[in-house]
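Colleague: Numbering (our numbering), first residue to last: 136 to 310. Quick reminder that beta carbons are idealized off the backbone N, C-alpha and C, glycines included.
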Amino acid sequence: MNTLIKKSEKLADSASLFFANVAAAILLVLVALTCADVIGRYFFSSPVVGAVELVRICMAGIIFFSFPIMFLRNDHIIVDLIPFFRKGWLAWGTSILILAITIVVAYKIGDRVCDYAFRAFEDNDMTEYLGIPRWPVVGFITISIFAAACTSALRLLVLFSTPGDVHEETHEDNL
């Protein structure tokens, strides 16, 4: 069982890394678009047409394609007000509860976004100025949300395989 979980973890890490690389490529496109827009706007008085729409699409891509690796590696922002909940069996139980809630919420959000993607496809919904179809963008967002839910489920399996032990890397320990 542990071998299967380890192999699944490596596969999920590879898939999450793919999503993170897509987010990095989108960030590079966003930087190039912003530079072209600024240079065109200030030096040639000719901004990039539809730059606002493209920036919105790029920002959505960066945010949602980063979800799977963030969920797998537990890179969430944590405010540690009560350190008692982060040690021993209580930490293990709390982690299971939080991961279960995360999976349910991610699934519900993914389901709603998936419905929106199907509606956008059926209605042939386009962006306002450039006429870019919305359904592919929303479809990829849906895939990344479901991938994040799956990586959280894998983390939950890893937690169940090590009862009472929470391997949380704290960034403060590395400072």
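For ASP258, is the classification buried or exposed, using 16 other Cβ atoms within 10 angstroms of its Cβ as the cut-off for buried?
Modeller: On the sequence shown, position 123 is the one that residue 258 refers to. So ASP258 counts as exposed.
Colleague: From VAL164, LEU207 and ASP172, pick the residue whose C-alpha is nearest to that of ALA195; which is it?
Modeller: As a first step, residue 195 must be located in the sequence shown, where it is residue number 60. For ALA195, the nearest C-alpha among the options comes from VAL164.
Colleague: Among residues of its own chain, excluding the 5 on either side of THR262, which ones have a beta-carbon nearer than 6 Å to its beta-carbon?
Modeller: In the sequence shown, counting from the first residue as 1, residue 262 sits at position 127. Around THR262: GLU188.
Colleague: Output the distance between the C-alpha atoms of PRO268 and GLY274, rounded to the nearest integer angstrom.
Modeller: Here residue 268 refers to the residue found at position 133 of the sequence shown. Here residue 274 refers to the residue found at position 139 of the sequence shown. Taking the straight line joining both Cα atoms gives about 11 Å.
Colleague: Using a Cβ distance threshold of 8 Å, determine whether the stretch 164 to 175 contacts the stretch 248 to 258, with at least three qualifying pairs required.
Modeller: Contact fails: fewer than three Cβ-Cβ distances are below 8 Å.
Colleague: Quick one: using the 10 Å Cβ neighbour count with 16 as the cut-off for buried, is GLY245 buried or exposed?
Modeller: One-based indexing of the sequence shown puts residue 245 at position 110. So GLY245 counts as buried.
Colleague: Can you tell me which of ILE276, VAL272, ASP148 and THR277 puts its alpha carbon nearest to the alpha carbon of ASN209?
Modeller: Taking the first residue of the sequence shown as position 1, residue 209 is located at position 74. The option with the nearest alpha carbon to ASN209 is ASP148.
Colleague: Looking at the structure shown, is PRO379 part of a helix, part of a strand, or coil, going by DSSP?
Modeller: Because the chain in this structure spans residues 136 to 310, residue 379 falls outside the shown range and cannot be described.
Colleague: Let me check one thing: in DSSP terms, what residues is MET261 bridge-paired to?
Modeller: As a position in the sequence shown, residue 261 is number 126, starting the count at 1. In DSSP, MET261 forms a bridge with PRO268.
Colleague: Does DSSP put HIS306 in a helix, in a strand, or in coil?
Modeller: For the purposes of this step, residue 306 is identified with residue 171 of the sequence shown, where counting begins at 1. Low confidence applies to HIS306: its pLDDT is 42, below 50, so where it sits in the model is not reliable, and the reading given next is rough at best. Three-state DSSP puts HIS306 in coil, outside helix and strand.
Colleague: In terms of alpha-carbon separation, which member of ILE198, PHE178, THR169 and PHE200 lies closest to GLY185?
Modeller: As a first step, residue 185 is located in the sequence shown; it is residue number 50 there, counting from the start. Taking only the C-alpha atoms, the option nearest GLY185 is THR169.
Colleague: Using the C-alpha atoms, what's the distance from LEU139 back to ALA167?
Modeller: The residue labelled residue 167 in the question sits at position 32 within the sequence shown. The residue labelled residue 139 in the question sits at position 4 within the sequence shown. Approximately 42 Å between the Cα atoms of the pair.
Colleague: Going by C-alpha to C-alpha distance, which of LEU292, LEU234, ALA288 and ARG247 sits closest to THR277?
Modeller: Residue mapping note: residue 277 aligns to position 142 of the sequence shown, counting from 1. If we check each option's Cα against that of THR277, ARG247 comes out closest.
Colleague: Who are the Cβ neighbours of ALA150 in its own chain at under 6 Å, not counting the five residues just before and after it?
Modeller: Within the sequence shown, numbered from 1, the residue matching residue 150 stands at position 15. Excluding residues within five positions, none has a Cβ falling inside 6 Å.
Colleague: Between the alpha carbons of TYR242 and ARG290, how many angstroms are there, rounded?
Modeller: Working through the sequence shown from its first residue, we reach residue 242 at position 107. Working through the sequence shown from its first residue, we reach residue 290 at position 155. Using only the alpha carbons, I get a separation of about 15 Å.
Colleague: Once you ignore the five residues that flank ILE192 on each side, which residues in its own chain have a CB closer than 6 Å to its CB?
Modeller: Against the sequence shown, residue 192 aligns to sequence position 57. Only VAL272 meet the Cβ criterion.
Colleague: Does DSSP classify VAL157 as helix, strand or coil?
Modeller: The sequence position of residue 157 within the sequence shown is 22, counting from 1. Correct three-state label for VAL157: helix.
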